[in-house]
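Encoded as structure tokens, the structure appears first; notes follow it.
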Ligand code: T5A
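Residue numbers (the numbering used here): 446 to 655.
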């Protein structure tokens, strides 16, 4: 489907995805590449409204399956309205989280059946997969400490989860990376930011040359 390149950033809370996504988009733009920087859940007005629903902490129970369906509803809007059109125009898309996040959080973290997740992925983006995924990996405690230092106590529904939950998410991500080593690049996110940026540059330079 894609004429442009589709790069996704993944990892647990505080791994540095947003920081690196902005850095990468700016760096590609400076090299004359037309880039769209976007995020999930969100990326369109309606999908951003769904983001609010899944992130805010409320009294109503949101089951793991409901959460999964909302993630894919937001993703369907995002793919149809933003990602697919940009790729068709030959633009590069840098996306802060995509379906691997559902595999890791809802699958690994919450125990949602992998077959359900894969069937929703096939329905929502049958011909679309990232060309390259940058998985920023660090221990859950370190990521949460960074995220909490930045948030000053205002935690969303996920950030209020236990350390064990984020360890399961991290393990699920690492399993995905072992299964698809060509697509998913595991990057040590405990390294200083400049070192992480250099790793990312090295990986993406190969895509620009290709
Ligand atoms: N979700 C999402 C699902 O459950 N399923 C899904 O399918 C999808 C798509 C989204 C939530 O939704 C869940 C996962 C999430 O819980 P979000 O806000 O998009 O929430 O994601 P978060 O992970 O919560 O975003 P964060 O901002 O917490 O993490 P980032 O983007 O990884 O981290 P970033 O770049 O903001 O950096 C955090 C802090 O660390 C510093 C930064 O300066 C910043 O202060 N930092 C570093 N410090 C030292 N060394 C480095 N190398 C550093 N890199 C960054």
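Ideal placement from N, C-alpha and C gives every residue a C-beta, glycine not left out.
If we call anything under 8 angstroms between Cβ atoms a contact, is residue 601 one with residue 634?
-> no
Nearest residue (CA-CA) to residue 541, options 604, 648, 487 | 487
How long is the line joining the alpha carbons of residue 447 and residue 536, rounded to whole angstroms?
-> The predicted position of residue 447 is uncertain, since its pLDDT is 49 and thus under 50; a value taken from the coordinates is nonetheless stated next. About 9 angstroms.
For residue 516, is the classification buried or exposed, using 16 other Cβ atoms within 10 angstroms of its Cβ as the cut-off for buried?
-> buried
Looking only at C-alpha atoms, which of 651, 550, 453 sits nearest to residue 510?
-> 550
Kindly indicate which residue of 455, 554, 613, 470 has the alpha-carbon position closest to the one of residue 539.
-> 470
For residue 562 and residue 442, believed in contact at Cβ under 8 angstroms, the rounded distance | Here the chain comprises residues numbered 446 to 655, so residue 442 is not present and cannot be evaluated.
Report the three-state DSSP secondary structure of residue 447 (helix, strand or coil).
-> Because residue 447 sits at a pLDDT of 49, beneath the cut-off of 50, its placement in the model cannot be relied upon, and the point is left open.
Would you say the beta carbon of residue 557 comes nearer than 7 angstroms to a heavy atom of ligand 1?
-> no
Name the DSSP beta bridge partners of residue 484, please?
-> 541
Assigned exposure category for residue 477 - 16 Cβ within 10 Å defines buried | exposed
So the beta strand (DSSP E) residue 630 belongs to, where does it begin and stop?
-> 629 to 633
For residue 581, the first and last residue of its enclosing beta strand (DSSP E) | Secondary structure note for residue 581: its beta strand (DSSP E) is the uninterrupted segment 577 to 582.
Is residue 641 near ligand 1, judged by its Cβ being under 7 angstroms from some heavy atom?
-> yes
Taking 7 angstroms as the line, does the beta carbon of residue 603 fall inside it for any heavy atom of ligand 1?
-> yes
Do the region 583 to 591 and the region 456 to 471 meet, that is, are 3 or more Cβ pairs less than 8 angstroms apart?
-> yes
Compute the distance between the beta-carbons of residue 576 and residue 465, then report whether it is under 8 angstroms.
-> no
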